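Engineer: Going by our numbering, the first residue of the sequence shown is number 15, and it counts up by one from there.
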Amino acid sequence: MAHAEVQAYCLMLFNSLANSLLLWVILAGPSRAEDSTHTEDADSNAASEELIIMGEMEIARRRGEVVRNLKMMGYREGKTKNGRTVYKPDTPYHPTVILDDDAWMRIKRTPVRIDPPGAKDNRLRYLWCLPPLTITPACIQAGGQVISKRRLAHFKEDVVRSTRYEMGQWQSAVVAHAMDKRLGEEIPDMLEQIWTAGLPESNNGPVLETFAERRNAILQFWSSRACVKEGAQARVVVSDFIEYTIQTSENRASTEEIEKANQDQRCPDAAPLELSPVP
């Protein structure tokens, strides 16, 4: 009898432990799944931010190469305003170079300037500009205004030749960074705004009230991308949004909507939308 009571007591303890473990799994499961989702979202955001930061570093590096070439040619950095930096030549009749943060260069005739001799950081050198030396060559540098167009064009060509490769690399870095930002931030944010709030592309036009209108706007955006590398990358982003956001919701696209989007798309090498729409 005592042996049977011991067995019954052990069985009761085992059942109690099993029930407690099951309850813990039920309660902890969703929380862990939610934590996993948050972790994946955080990893995705971190990867996007890392790409953007790396792109900005590459832009700065490529711009620095252009500036280094200009300094080797005898240019020094001047004022910066509205994203444009002026580089002044040490030789008065050489052209002035203006660099824009958007990776373009303007080369122009150097204006008349007040540039007395001496170290550039020595303010006492401006004593050369006091009367009676104010309008003498010791104070006024007018070489850029008296040089002929032909000779000026020669010096402009020197600047172009010396910076052509570096300018091309800088421009490519700016374009790549802008595309990474558009693919990683701008397009996903736009799609989310269209789907959740009904805000049209570029916030132009009336609010899209129904989910049918919102699906149509997103599908049209997908099918209207250009037949270039950047357009193909944008289609992939939109396709993923359709598959993992729209088609997993209660307002999924129908077979007819998917087929129409594929027909409207005109790029021969583009992958069609192959989803599982509502029949």
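A virtual CB, placed ideally from N, CA and C, is assigned to each residue, including glycine. Please read these numbers as outputs of a predicted model, since none were measured by experiment.
Identify whether M119 lies in helix, strand or coil by the three-state DSSP scheme.
Structural biologist: In the structure shown, M119 sits in a strand (DSSP, three-state: E or B).
Engineer: DSSP three-state label for D194, please.
Structural biologist: Note: D194 maps to helix in three-state DSSP.
Engineer: Whole-angstrom Cβ separation of L197 and Q247, contact assumed at under 8 Å?
Structural biologist: Their Cβ separation, rounded to whole angstroms, is 6 Å, which keeps L197 and Q247 in contact under 8 Å.
Engineer: So V81 packs on G92, CB below 8 Å; how close in whole Å?
Structural biologist: No, V81 and G92 are not in contact; Cβ-Cβ is about 12 Å, not under 8 Å.
Engineer: Please report how far the alpha carbon of L41 lies from the alpha carbon of S268, in whole angstroms.
Structural biologist: With a pLDDT of only 46 at L41, under 50, the local geometry of the prediction cannot be trusted, and the value read off the model is given with reservation. Taking the straight line joining both Cα atoms gives about 37 Å.
Engineer: In angstroms with no decimal places, state the Cα-to-Cα distance between P145 and M86.
Structural biologist: C-alpha separation (whole angstroms): 35 Å.
Engineer: Hey, out of C241, V221, E271 and I260, whose CA is closest to P282's CA?
Structural biologist: Out of C241, V221, E271 and I260, C241 has the C-alpha closest to the C-alpha of P282.
Engineer: Check whether the stretch 156-170 and the stretch 212-228 touch, using three or more Cβ-Cβ pairs below 8 Å as the test.
Structural biologist: No, the stretch 156-170 is not in contact with the stretch 212-228.
Engineer: Is DSSP giving R280 helix, strand or coil here?
Structural biologist: In the structure shown, R280 sits in coil (DSSP, three-state: anything other than H, G, I, E or B).
Engineer: Here's a check: name, in chain order, each residue in its chain whose Cβ is nearer than 7 Å to the Cβ of I121, leaving out the five neighbours to either side.
Structural biologist: Counting only Cβ-Cβ distances below 7 Å, and skipping sequence neighbours, we find P109, V111, K170 and V173.
Engineer: Taking the beta strand (DSSP E) that R90 belongs to, which residues open and close that run?
Structural biologist: Per DSSP, R90 belongs to the beta strand (DSSP E) from Y89 to K95.
Engineer: Exposed or buried, which one is Y179 when buried takes at least 16 other CB atoms within 10 Å?
Structural biologist: By the neighbour-count rule (16 or more Cβ atoms within 10 Å), Y179 is not buried but exposed.
Engineer: For E70, is the classification buried or exposed, using 16 other Cβ atoms within 10 angstroms of its Cβ as the cut-off for buried?
Structural biologist: Per the 10 Å Cβ criterion, exposed.
Engineer: Given a cut-off of 7 Å, decide if W184 and R98 are closer than it, judged by their beta-carbon atoms.
Structural biologist: Their beta carbons are not under 7 Å apart, which means R98 does not touch W184 by this criterion.
Engineer: From which residue to which residue does the beta strand (DSSP E) around T259 run?
Structural biologist: Where T259 is concerned, there is no enclosing beta strand (DSSP E), given that its DSSP letter is neither H nor E.
Engineer: Just checking D254 against the ligand NAD - is the residue's beta carbon closer than 6 Å to any of the ligand's heavy atoms?
Structural biologist: Although the ligand NAD was asked about, the structure shown includes no ligands whatsoever.
Engineer: Look at the alpha carbon of A117 and the alpha carbon of D194, and state the distance between them as a whole number of angstroms.
Structural biologist: For A117 and D194, the distance between alpha carbons rounds to 17 Å.
Engineer: Is the separation between the beta-carbon of V188 and that of I73 shorter than 7 Å?
Structural biologist: In this structure, I73 lies closer than 7 Å to V188 by Cβ.
Engineer: For S263, count neighbouring Cβ atoms within 10 angstroms of its own Cβ and tell me buried if that reaches 16, exposed if not.
Structural biologist: Looking at its Cβ environment, which holds fewer than 16 other Cβ atoms inside 10 Å, S263 is exposed.
Engineer: Using 7 Å as the threshold, is the C-beta distance between W236 and V252 below it?
Structural biologist: Contact: yes.
Engineer: Taking only three categories from DSSP, how would you classify A275?
Structural biologist: It is helical.
Engineer: Could you say which of Q279, Y89, P286 and R280 lies nearest to T177 if we only look at CA atoms?
Structural biologist: When each option's Cα is compared against that of T177, the closest is Y89.
Engineer: Based on Cα-Cα distance, which residue from M119, F255, S162 and R127 lies nearest to W209?
Structural biologist: For W209, the nearest C-alpha among the options comes from F255.
Engineer: Tell me the DSSP secondary structure of P202 in three-state form.
Structural biologist: Of the three classes helix, strand and coil, the one that applies to P202 here is helix, per DSSP.
Engineer: Helix, strand or coil for L222 per DSSP?
Structural biologist: Coil, per DSSP.
Engineer: Should P103 go down as buried or exposed, given a rule of 16 or more other Cβ atoms within 10 Å for buried?
Structural biologist: The residue is buried, with at least 16 neighbouring Cβ atoms inside 10 Å.
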